[in-house]
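Colleague: So in full-length UniProt numbering, spot 519 of the sequence shown is number 519, and the numbers just go up one at a time. Yeah, the Cβ is synthetic: ideal placement off N, Cα and C, and Gly gets one too. The structure displayed is predicted, hence computed values, not measured ones. Before I ask anything, here is the structure I am working with.
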Amino acid sequence: MNREKIKAPHQIISANINVSQIYILFCFFTIVFYFTWWLDFGNAGNPLLFGLLFIGEVYHIWQALGYLYTIWDQRKLKPRALKEFYPVDVFITVCGEPRDVVEKTLKAVLAMDYSDFKLFILNDGKGRDLPNWRDISALAEEYGVKAIVRDNNKGAKAGNINNGLANSSAPFFAVFDADHVPHKDFLKKTMPYFEDPKMAIVQTPQYYQNRGDGFLTQAAWEQQELFFGPICRGKNRLNATFWCGTNAVIRREALLEVGGVPEDNIAEDFLASLFMHEKGWNSVYVSEVLTDGMAPFNLGDYVKQQFRWARGSSEVIFHHNPIFKKGLSFGQKVQYLYSSSYYINGFIVLIDALIPIVVLFTKVLPVKSTTSEFMIYFFPFMFSTIHLLMLSTQNTITFRAIQLSISSFHVFIKACLSSLFRIPARFEVTPKAKETGNFLSFASFHFIYVAVGFIAITYGFLTQGFSPSVITNGSWILFNIAFFFGFIRAAYPWKQSFDNALEKLKTLLGLYKEFNVVERYDYSPVMQYTETSSGGGGESIDRGNILISKSFGSEDNAKLKNN
């Protein structure tokens with residue numbers, strides 16, 4: 001296995017990792033071996049519960065096989081030298097982002113080392129009646145850049161880009177979200193691939209420069225590491241790289257051939273890629289960080305982002321299924337189905353979470369086989385798959401990334417259902433401000449599950465004792481709770497609240513220690529405090545129910561006595 005030493009958090013994306021294909025084949029056989037257990041319907045207990053678990057395992061096996069197929073060869077491409085400076089229009093899409101965020105990106109674009117490009121600010125704030133749209137246009141004018149402003153917000157980001165295309169003319173255009181700051185050599189490292197006359201999309205990674213701000217930003221980045229690392233590198237072999245919305249360069253001709261950016265889908269980039277591939281255009285992924293972006297800072301922003309991605313991807317399955325697209329190759333069909341079906345995982349997580357609780361309360365078993373017999377099939381599958389993940393990411397895959405993904409199951413379910421039933425969904429821009437707050441409503445199901453889960457475990461022990469069923473299902477409940485704590489942890493600034501409470505407690509204790517007056521009521525004896533020193537003299541103070549008497553003698557001691 002070819003492995004490079006990873007020195008920085010983002011280098012998993014550009015690492016040249018190639019997992020042994022012999023080991024990938026071994027993983028394939030462990031998957032098949034595991035599935036044979038599920039195909040033996042003699043193991044079935046309650047038909048309904050077994051059927052639900054069977055559906056879930058078919059999905060898990062599909063995702064595992066899809067990953068094997070994707071990373072069969074994930075070696076990164078060799079860099080290409082720029083031979084010709086093709087004209088490029090550069091779009092910065094803006095819809096209410098703060099001026100300082102937009103200005104940072106604007107300045108970085110203007111500093112790019114490329115001789116033939118023109119910058120446009122696609123200012124979509126007016127159509128949404130956002131307060132700073134004039135400020136953004138003034139910013140563009142200040143730097144001598146053209147701002148393209150719409151009176152409406154039709155088609156959201158897709159409509160904004162289509163409007164930008166209608167007001168520009170270069171054969172290629174690059175797109176940056178307002179918070180994605182390009183490196184100086186962005187165009188020099190992406191434009192050489194357009195020497196291929198059928199190249200439509202050159203995509204680069206999304207890198208979160210604020211990944212160290214907290215649990216959420218770190219976990220969100222580690223999710224990106226897996227996608228923009230081995231998964232995207234593996235898609236190159238199959239000509240299945242898709243446009244990820246930002247940090248990409250697109251051939252105008254290819255996009256216009258499919259009617260521009262689809263305005264009826266909030267994951268317009270994903271669907272546009274499908275259409276361009278269907279027409280025979282090519283795409284490539286450059287596995288090098290060439291921009292610095294920002295991760296969602298709080299759970300509310302993260303939920304908006306995940307809903308948008310899940311809604312758009314699920315529409316591909318329900319309304320533009322790649323299986324029926326004649327222009328796609330087999331590899332492209334598998335990859336589009338593999339990527340878009342990821343969000344169906346929400347239903348599978350819900351099934352896997354609820355069945356152990358149902359079993360403990362009803363004593364109805366989904367399977368007849370013993371746990372030890374099942375583990376003979378399950379353990380090789382589980383450990384080989386986890387080991388493959390570790391090898392293909394050079395041990396950078398983390399529990400918190402998986403935890404946050406599984407915790408998002410209810411967001412995925414809502415997005416899939418809204419897509420299936422064509423419930424209108426508005427495109428929501430992911431905010432760029434560092435805001436914290438109370439997002440416990442997003443974790444309400446997780447709290448309920450924790451409570452019901454412990455009740456189910458307790459009930460199981462009380463009614464069935466330490467039976468194998470109670471131990472097995474109780475363990476699965478605890479396993480699910482551990483994953484659900486991802487949302488619970490991110491839903492509220494627990495550490496900040498704890499620190500604030502601790503400071504208040506310290507303040508109260510400090511005040512208590514400084515309080516040196518003893519209060520009494522009328523029926524209590526009066527306490528007199530006498531202090532003597534060598535100076536002589538004395539002082540007695542009577543304030544209502546408190547009597548403090550001081551005298552000064554030669555002993556410099558204090559005595560407390562009752563009157």
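In the DSSP assignment, find the alpha helix (DSSP H) that holds Y67 and state where it starts and stops.
Modeller: Per DSSP, Y67 belongs to the alpha helix (DSSP H) from P47 to T70.
Colleague: To the nearest angstrom, report how far apart I317 and S340 are at their CA atoms.
Modeller: The alpha-carbon atoms of I317 and S340 are separated by roughly 7 Å.
Colleague: With 16 as the cutoff for other CB atoms within 10 Å, does S534 come out buried or exposed?
Modeller: In this prediction, S534 has a pLDDT of 44, which is less than 50 and means its spatial position is unreliable; what the coordinates show is noted afterwards. Under this definition S534 is an exposed residue.
Colleague: Given R128, which residues of its chain have a CB within under 6 Å of its CB, disregarding the five upstream and five downstream residues?
Modeller: The residues are N153.
Colleague: If distances are taken between C-alpha atoms only, which option among Y34, L68 and L53 comes closest to I22?
Modeller: If we check each option's Cα against that of I22, L68 comes out closest.
Colleague: So, does the region 84-91 touch the region 364-380, judging by three or more C-beta pairs under 8 Å?
Modeller: Flag = no, the region 84-91 and the region 364-380 do not touch.
Colleague: Going by DSSP in three states, A240 sits in which element: helix, strand or coil?
Modeller: Coil.
Colleague: Excluding sequence positions up to five away, which residues of its chain have a Cβ less than 7 Å from the Cβ of L389?
Modeller: Hits under 7 Å: I397.
Colleague: Is the region 217-229 close to the region 144-159, with three or more CB pairs under 8 Å?
Modeller: Result no; under three Cβ-Cβ pairs closer than 8 Å.
Colleague: Quick check for students: name the residue ranges of the alpha helix (DSSP H) that lie wholly in the region 313-371, counting only runs of 4 or more.
Modeller: Segments of the alpha helix (DSSP H) lying fully in the region 313-371: 330-340 and 345-362.
Colleague: Does DSSP put R422 in a helix, in a strand, or in coil?
Modeller: If DSSP states are grouped into helix, strand and coil, R422 belongs with coil.
Colleague: How would you label F41, buried or exposed, when you count the other beta carbons within 10 angstroms and need 16 or more for buried?
Modeller: Exposed, since its Cβ has fewer than 16 Cβ neighbours within 10 Å.
Colleague: Go through its chain and collect everything with a Cβ distance to D196's Cβ below 7 Å, but skip five positions before and after it.
Modeller: Same-chain partners within the cutoff: N282.
Colleague: Can you check which of these residues, Y338, V359 and V101, is closest to G293 by C-alpha distance?
Modeller: G293 has its Cα closest to that of V101, out of Y338, V359 and V101.
Colleague: Would you call the region 436-447 and the region 475-488 touching, i.e. three or more CB-CB distances under 8 Å?
Modeller: Touching, yes.
Colleague: First and last residue of the beta strand (DSSP E) that includes M199?
Modeller: Where M199 is concerned, the enclosing beta strand (DSSP E) stretches over M199 to Q203.
Colleague: Just to check, is the beta-carbon of S497 closer than 7 Å to a non-hydrogen atom of the ligand ATP?
Modeller: The model on display carries no ligand, and the ligand ATP is accordingly not part of it.
Colleague: Under a Cβ-count criterion, where at least 16 other Cβ atoms within 10 Å of its own Cβ denotes burial, should S169 be classed as buried or exposed?
Modeller: Classification for S169: exposed.
Colleague: For a test of the three-state rule: what should DSSP assign to N298, helix, strand or coil?
Modeller: Three-state DSSP puts N298 in coil, outside helix and strand.
Colleague: Please classify R422: is it buried, with 16 or more other beta-carbons within 10 angstroms of its beta-carbon, or exposed?
Modeller: Classification for R422: exposed.
Colleague: Going by CA-CA distance only, name the one from N18, K333, C244 and S287 that's closest to G312.
Modeller: Here the closest residue by C-alpha is C244.
Colleague: What number of angstroms, rounded off, separates the C-alpha of D269 from the C-alpha of I148?
Modeller: Answer to the nearest angstrom: the Cα atoms are 20 Å apart.
Colleague: Taking only three categories from DSSP, how would you classify D177?
Modeller: It is a strand residue.
Colleague: When you compare only the Cα positions, how much space is there between N438 and S497?
Modeller: The straight-line gap from Cα to Cα measures roughly 11 Å.
Colleague: Can you list, in chain order, the residues of its chain whose CB lies under 7 Å from that of N167, leaving out five sequence neighbours each side?
Modeller: Counting only Cβ-Cβ distances below 7 Å, and skipping sequence neighbours, we find I148.
Colleague: Can you tell me whether K506 is buried or exposed? The criterion is at least 16 other CB atoms within 10 Å of its CB, across all chains shown.
Modeller: When all chains shown are included, K506 counts as exposed.
Colleague: So for V466, helix, strand or coil by DSSP?
Modeller: The residue asked about is misnamed: residue 466 is Phe in this sequence, not Val. Residue state, collapsed to three classes: coil.
Colleague: Using 10 angstroms around the beta-carbon of L509, count the other beta-carbons present and answer buried if the total reaches 16, otherwise exposed.
Modeller: Under this definition L509 is an exposed residue.
Colleague: What separation, rounded to the nearest whole angstrom, lies between the Cα atoms of Y338 and T370?
Modeller: Using only the alpha carbons, I get a separation of about 33 Å.
Colleague: Tell me the DSSP secondary structure of N162 in three-state form.
Modeller: N162: helix per DSSP, three-state reduction.
Colleague: Would a C-beta distance cut-off of 8 Å place A64 and V181 closer than the cut-off?
Modeller: No, the pair does not count as a contact, with Cβ atoms beyond the cut-off.
Colleague: Check whether the Cβ atoms of T93 and N160 lie closer than 8 Å to each other.
Modeller: In this structure, N160 lies closer than 8 Å to T93 by Cβ.
Colleague: Within the continuous alpha helix (DSSP H) that includes L25, where are the two ends?
Modeller: First-last of the alpha helix (DSSP H) with L25: Q21 to L39.
Colleague: Answer with yes or no whether the minimum CB distance from I477 to chain C is below 8 Å.
Modeller: Considering every chain present, this structure includes no chain C. It has just one protein chain.
Colleague: Give the DSSP bridge partners of residue 568, in chain order.
Modeller: Missing from the structure shown is residue 568; the chain here goes from 1 to 563 and no further.
Colleague: Secondary structure at I136, three-state DSSP: helix, strand or coil?
Modeller: The answer is helix: DSSP assigns I136 an H, G or I state.
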